[in-house]
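Below: one structure, written as C-alpha cells.
Protein chains: 2
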Amino acid sequence: MDKAKKIVEAKKETEKQSGLGITVEKDDFSEWFTQIMLKADLADYSSVSGCLVIRPTAYAIWEKMRDECDKRFKKLGIRNAYFPLLIPEKTLKKEKEHVAGFSPEVAWVTEAGDTKLKERLAIRPTSETIIYESYSKWIRSWRDLPLKLNLWNNVLRWEFKHPVPFLRGREFLWNEGHTVYSNKEDAEAEKDEIMGIYKEICEDYLALPSLIGRKSKKETFPGAEYTISMEFYMPNGRCTQGPDFHHDGEIFAKAYDIKFLDKDGKESYAQQNTFAISTRMLGVMFAVHSDSKGLILPPKIAPNKIVIVPILFEDSKDKVLKKCKELMSKLGKFESLLDDREEYKPGWKFNEWEMKGIPIRIEIGPKDLENDSVMVYRRDNGKKEAVKLKNLEDRVSEILEEIQKYLFDKAKDSLNNAIIEVASFEEMLRVLKEKKIAFSPLCENIKCEENLKAETQGAKVLNIPDKQPTKVGKSVCVICKKKANYFAYVGKSY
Amino acid sequence: MDKAKKIVEAKKETEKQSGLGITVEKDDFSEWFTQIMLKADLADYSSVSGCLVIRPTAYAIWEKMRDECDKRFKKLGIRNAYFPLLIPEKTLKKEKEHVAGFSPEVAWVTEAGDTKLKERLAIRPTSETIIYESYSKWIRSWRDLPLKLNLWNNVLRWEFKHPVPFLRGREFLWNEGHTVYSNKEDAEAEKDEIMGIYKEICEDYLALPSLIGRKSKKETFPGAEYTISMEFYMPNGRCTQGPDFHHDGEIFAKAYDIKFLDKDGKESYAQQNTFAISTRMLGVMFAVHSDSKGLILPPKIAPNKIVIVPILFEDSKDKVLKKCKELMSKLGKFESLLDDREEYKPGWKFNEWEMKGIPIRIEIGPKDLENDSVMVYRRDNGKKEAVKLKNLEDRVSEILEEIQKYLFDKAKDSLNNAIIEVASFEEMLRVLKEKKIAFSPLCENIKCEENLKAETQGAKVLNIPDKQPTKVGKSVCVICKKKANYFAYVGKSY
Numbered sequence: 001m002d003k004a005k006k007i008v009e010a011k012k013e014t015e016k017q018s019g020l021g022i023t024v025e026k027d028d029f030s031e032w033f034t035q036i037m038l039k040a041d042l043a044d045y046s047s048v049s050g051c052l053v054i055r056p057t058a059y060a061i062w063e064k065m066r067d068e069c070d071k072r073f074k075k076l077g078i079r080n081a082y083f084p085l086l087i088p089e090k091t092l093k094k095e096k097e098h099v100a101g102f103s104p105e106v107a108w109v110t111e112a113g114d115t116k117l118k119e120r121l122a123i124r125p126t127s128e129t130i131i132y133e134s135y136s137k138w139i140r141s142w143r144d145l146p147l148k149l150n151l152w153n154n155v156l157r158w159e160f161k162h163p164v165p166f167l168r169g170r171e172f173l174w175n176e177g178h179t180v181y182s183n184k185e186d187a188e189a190e191k192d193e194i195m196g197i198y199k200e201i202c203e204d205y206l207a208l209p210s211l212i213g214r215k216s217k218k219e220t221f222p223g224a225e226y227t228i229s230m231e232f233y234m235p236n237g238r239c240t241q242g243p244d245f246h247h248d249g250e251i252f253a254k255a256y257d258i259k260f261l262d263k264d265g266k267e268s269y270a271q272q273n274t275f276a277i278s279t280r281m282l283g284v285m286f287a288v289h290s291d292s293k294g295l296i297l298p299p300k301i302a303p304n305k306i307v308i309v310p311i312l313f314e315d316s317k318d319k320v321l322k323k324c325k326e327l328m329s330k331l332g333k334f335e336s337l338l339d340d341r342e343e344y345k346p347g348w349k350f351n352e353w354e355m356k357g358i359p360i361r362i363e364i365g366p367k368d369l370e371n372d373s374v375m376v377y378r379r380d381n382g383k384k385e386a387v388k389l390k391n392l393e394d395r396v397s398e399i400l401e402e403i404q405k406y407l408f409d410k411a412k413d414s415l416n417n418a419i420i421e422v423a424s425f426e427e428m429l430r431v432l433k434e435k436k437i438a439f440s441p442l443c444e445n446i447k448c449e450e451n452l453k454a455e456t457q458g459a460k461v462l463n464i465p466d467k468q469p470t471k472v473g474k475s476v477c478v479i480c481k482k483k484a485n486y487f488a489y490v491g492k493s494y
Numbered sequence: 001m002d003k004a005k006k007i008v009e010a011k012k013e014t015e016k017q018s019g020l021g022i023t024v025e026k027d028d029f030s031e032w033f034t035q036i037m038l039k040a041d042l043a044d045y046s047s048v049s050g051c052l053v054i055r056p057t058a059y060a061i062w063e064k065m066r067d068e069c070d071k072r073f074k075k076l077g078i079r080n081a082y083f084p085l086l087i088p089e090k091t092l093k094k095e096k097e098h099v100a101g102f103s104p105e106v107a108w109v110t111e112a113g114d115t116k117l118k119e120r121l122a123i124r125p126t127s128e129t130i131i132y133e134s135y136s137k138w139i140r141s142w143r144d145l146p147l148k149l150n151l152w153n154n155v156l157r158w159e160f161k162h163p164v165p166f167l168r169g170r171e172f173l174w175n176e177g178h179t180v181y182s183n184k185e186d187a188e189a190e191k192d193e194i195m196g197i198y199k200e201i202c203e204d205y206l207a208l209p210s211l212i213g214r215k216s217k218k219e220t221f222p223g224a225e226y227t228i229s230m231e232f233y234m235p236n237g238r239c240t241q242g243p244d245f246h247h248d249g250e251i252f253a254k255a256y257d258i259k260f261l262d263k264d265g266k267e268s269y270a271q272q273n274t275f276a277i278s279t280r281m282l283g284v285m286f287a288v289h290s291d292s293k294g295l296i297l298p299p300k301i302a303p304n305k306i307v308i309v310p311i312l313f314e315d316s317k318d319k320v321l322k323k324c325k326e327l328m329s330k331l332g333k334f335e336s337l338l339d340d341r342e343e344y345k346p347g348w349k350f351n352e353w354e355m356k357g358i359p360i361r362i363e364i365g366p367k368d369l370e371n372d373s374v375m376v377y378r379r380d381n382g383k384k385e386a387v388k389l390k391n392l393e394d395r396v397s398e399i400l401e402e403i404q405k406y407l408f409d410k411a412k413d414s415l416n417n418a419i420i421e422v423a424s425f426e427e428m429l430r431v432l433k434e435k436k437i438a439f440s441p442l443c444e445n446i447k448c449e450e451n452l453k454a455e456t457q458g459a460k461v462l463n464i465p466d467k468q469p470t471k472v473g474k475s476v477c478v479i480c481k482k483k484a485n486y487f488a489y490v491g492k493s494y
C-alpha cells in the first residue's frame, strides 16, 4: 500500500472509531455535553486550556442574541463604545472590594517584544476600572448625565477549575453596560428595563425560563450595592448564573472620582449601574434543549430553521431537484438549507442535520411529488407529518412556533419540578442530593451562607425572589434557626 | 471659598483655557488631528499608552463599516467565528517568516493570579497561527473545502513608535478573513471579490479613494506569497495602508499541516488567503475630510445625518418646537437629531454640531415658519440655502448625495495631484520632499528597496499597480539604474 492510500485508510478508520453520533445518553451529562459541542460543530478546544473556539453555528447564534439585545439597548438610548483590553495594575486596584473579587483570576502581561514592562497590565476581567477613569474625566455637569454606554467585547478570567465549554472557561464574549445617573431613583429604574430585555431574549429567543432575584450579600458582585441575576436550571441538576444587573450606587464613583455639578452648582457623586449577558447562555441553551441525537435549537434563534433533503432516484432526480429549488425560494425567509449533495445517502443526511439541530427537516421524493406534498419532520419531538405543498408555508410557520413553545414549556416544567420548598437543613440536604433546588428560609447573616456552603459541599444561595411567601415572617433560617429574612433558592452552581 | 466652590471655579477655568474649538489649522496636522479626536468626542487616551478609547460616534461608524462589510462577506458564503485571544508561544512560532514579522511587537502573558505560567502566551497580533491549528484538525477531505471563516475581533501589536489615534496604536479592531481552498485558481479568484468589497466600503461609504496594487517583496505580509493593498493619501503627505488581501499559497498549510484528500484520494496541501480592514480607516477618514472647524463626515457613514436647531424666542417657542417635532418624524430615516436644549444659544449649538461633523444642519425660527421654509446648512462647504418645507425631504436627500460626492471628488483630486511620475532618484527625492507620491520605475531587487528606504529617510514602496505604463520595459530602476521591473508608488507612510 502506498503512503497516500495508507493515510486514507487510517483516516477512514479514525472516523469510524470516533463515531459520528452521540455515543452516550444525556444522563452522562459531562461526556454528552462535550460530544454535542464537538459533533454538532459548535465549539472546539484550542491549545490554551479553557479558551474555546466558537464555530460558525454557535457564533451565528451569539450574533443574533447580540443584535436583538443591541437593538433594545439602543432604543433605551444606550450607545456602544470600545475601551482598551489592558488595564494598568494601579488602575485595577483602586476599588478594594472589586479588585479582591477579581485579582485571583487576572492574567498579567509583563513583557512586550523583548522588553520587560515597568508595570504589569491586566487583561480585562471586566472593564469597570478602565472605563471609570474615562468617566471621571468626561462627567462634569448634570448636562453630561445620564451617560449610558455599552461594550460588546471579550474578557478573560483565569479560572483554575476544570473548564466546561461555554459554561466555565477563561475567555468569553459578553456585553458590559455601564450607565451613570445623577440620582439613585433614575439609576434604579433602569433595573427593570434591562432585566426586561434579558428576560425577553432568554425566554422568547433561547426558550429558557429562569429564576430572577436579588443575590445574597456573599454573592453580590464585588463593588455593587446589590445584584439582580437570572439563574438557569441545567439537566445535571446544577444551576448557572446568566445575565445580571448590578446597582453600584456611589461605590465606584467614590473610588474613581466620578462627580458632577447639578443645576444649583452643588457637587455630588454619580450613581452607577452595570449589566451583562455572555456566551455562557449558549452553553445553557445547548444543554437544556438537546438530546442524545444531538443539538436541538429553538427556531427563533436557529441560524437555519429548515433543511430540505431530496430523496433522489435516477429517473426522477431532475424533477425532484427542480421542486426543491422552487421550495427554497418559497421558504427563503426561514433561512432554509438545501442538502443536494449526491455523495451522501438521505439517511446519512438525516442524522447529520439532526445532530446539528435544524428545527425542521423537509423530505421530498418522487412519491411526495405525485401527491403534491412533502414530509415534514420536527427535530424537537421527532413527529412527522405529510403537508400539502399549497399549505407548506403556513404550516411550517405554525410548526416553528409550536417547537418554540414546546421547548420553553418543557424547560419550564423541568425548572418548576426542580424547586422544592424546605423548612429545615435536613430537607435542604435531601433536595440538593436529588439535584434539585431548595427554596429555603434563610437569614441575612453571611456566616450562615458560609456554613451552608461548607456543609452542603458547595451549594449556595442562587438568588432571592422579589415576591416572597407570606409565611417568611414566621419561618426560621435553616442554618442558624433564628428568624428568617427571606426565602431563597439554594442549589449547586457552575 | 469652600472646597466645593473651589472645584467649580477650577473646572470652569480649565474649560475656558482648553477652548471648545480647534485652535490650530489643518497644516499643523499632528496637533489638529489630536484636537479633532478629542474635541469631536471620537476618541480618548487611556492610561495604557497606545491603547485608545473609541467613543460612541466613532464606534457607531465602525459598526456601520463592519455591518456593510459583513453583509457582503456573508453573501460570498463567508461565516463568522471566534478564536481565542491568547496563543501559546510554540503555536505562534511554527511559521518562521510570520513569527519573525510579528515577534518584536508581541505582548506576553506570563502570570495569572499568583501563578507563573509554564509557557508564555501571546496576545494575538493576528490569528493565523491559532486558527490554522484548528483548520489542520477540521480539514480532511475535499468535502470540507472551501472553508471560509471570518473574525471581527481586537488585536494587539506593541508598537514602540509614537502612537497616533486610530492610525498607529497598540490595540485595534478589525476583521480577519481566513479562507481555505482546494486549488490555487479558486483561491486567487477570491482576491477580486474581497478587494471589491473593501473598495466599495472605502469609496462609496467613507468617500476615500486609494491606490490599489501589489506590495513589493519587502513589504509583503510575513507568510504570504503576495499582498494586495489599498494605500491612502493623508493631508500631511504621508500615506497609510488600509485594507489588504494576502494570498498565502501553501506556506501556512505546510507549517500547520493543512492537508486534504481530493476526490481521487490524493493528498494535497490547501491554498489559503487572509484579508483585513481595521479601525485605522476611521483615522484616515477623519483626517482626510475634516477641517479647522472640526469633523466632517460623509453622509453615508455618519451616524446622524441631520441636526435640527430651533431658533427660540419666548413668544413663538411652542410653535417652532411643534414644527421641529413634525420635521423629526418626517426626517427620521436620516437618523436626525433635534437639539432643543434651552440652556445653550443657537450659535453655541451651531459650533458644537459643526465640530461633531453632522452633514446637514436645519435651522428653523419664527420667520422660517412664516415662509413655510427652513434654512439648510451644509457642513462640507459651508453653503446655506432656504428650502420650502414641501420640498424638504427631496432636497435633503439630494444634498446628502452632493456632499458624499463632493467629499470623494475632493479627496480624489488631492490624491491625483499628489502622484508625480519620476525617472530618477533626484526627481524622487524632490517629490518626496514636497510630501507627494513618486510613481517610480524600480527593479525587484530587495537591496534596492532597502537602499531606497535608507536614502530617503524612511520612504518606501507603497504598492505596484496592476496596470503598468507601457514604457516600463524601457525604464531603469531609480536606485540601481538597471532594467526596471515595474512602476511603483513610493511615499512616506505611517
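These protein sequence lines are chains W and G, in that order.
For what it's worth, the working numbering labels the leading residue of the first sequence as 1, then goes sequentially.
For what it's worth, the working numbering labels the leading residue of the second sequence as 1, then goes sequentially.
Think of the CB as a built atom: it goes at the ideal place given N, C-alpha and C, for glycine as much as any other residue.
Distance check for residue j and residue i, CA to CA, integer angstroms please.
i: D41/G; j: S493/G; result: 26 Å
i: C324/G; j: D315/G; result: 16 Å
i: F408/W; j: A287/W; result: 13 Å
i: Y205/G; j: C69/G; result: 11 Å
i: V24/W; j: P235/W; result: 14 Å
i: E335/W; j: E326/W; result: 14 Å
i: S141/G; j: S268/G; result: 10 Å
i: P222/W; j: G50/W; result: 23 Å
i: I22/G; j: F83/G; result: 42 Å
i: E497/G; j: F313/G; result: Because chain G is modelled from 1 through 494, residue 497/G falls outside the range shown and cannot be assessed.
i: E250/W; j: A418/W; result: 38 Å
By the DSSP assignment, the alpha helix (DSSP H) with residue i in it spans what residues?
i: F236/G; result: Residue 236/G is actually Asn in this sequence, not Phe. No alpha helix (DSSP H) contains N236/G, which DSSP labels as neither H nor E.
i: F286/W; result: R280 to H289
i: Y377/W; result: It is not in any alpha helix (DSSP H) - Y377/W instead sits in the beta strand (DSSP E) that spans S373 to R378.
i: I446/G; result: I446 to E455
i: C91/G; result: Correcting the residue type first, residue 91/G is Thr in the shown sequence and not Cys. Here the alpha helix (DSSP H) through T91/G covers E89 to L92.
Please confirm whether residue i has its beta-carbon closer than 8 Å to some beta-carbon of chain G.
i: N416/W; result: no
i: V180/W; result: no
i: D44/W; result: yes
i: C69/W; result: no
Span of the beta strand (DSSP E) holding residue i?
i: Q271/W; result: Q271 to A276
i: D44/G; result: A43 to Y45
i: V490/G; result: Y486 to G491
i: L331/G; result: Premise fails: L331/G is in no beta strand (DSSP E) and is neither H nor E.
What residues in its chain sit with their C-beta under 8 Å from that of residue i, if we drop five residues either side in the sequence?
i: K319/W; result: P366 and L369
i: K356/G; result: A40, D41, T57, G294 and L295
i: I258/W; result: Y132, Y135, S136, I139, V180, F252, Y269, A270 and Q272
Buried or exposed for residue i, going by 16 or more other Cβ atoms inside 10 Å?
i: D291/G; result: buried
i: N391/G; result: exposed
i: S424/W; result: exposed
i: D248/W; result: buried
i: E535/G; result: Because chain G here runs from 1 to 494, residue 535/G falls outside it and cannot be looked at.
Distance cutoff 8 Å, beta carbons only. Does residue i sit that close to anything in chain W?
i: W174/G; result: no
i: G113/G; result: yes
i: E352/G; result: no
i: N154/G; result: yes
Could you pull out every residue in the same chain whose Cβ sits closer than 6 Å to the Cβ of residue i, ignoring the five residues on either side in sequence?
i: K215/G; result: T227, S229 and N463
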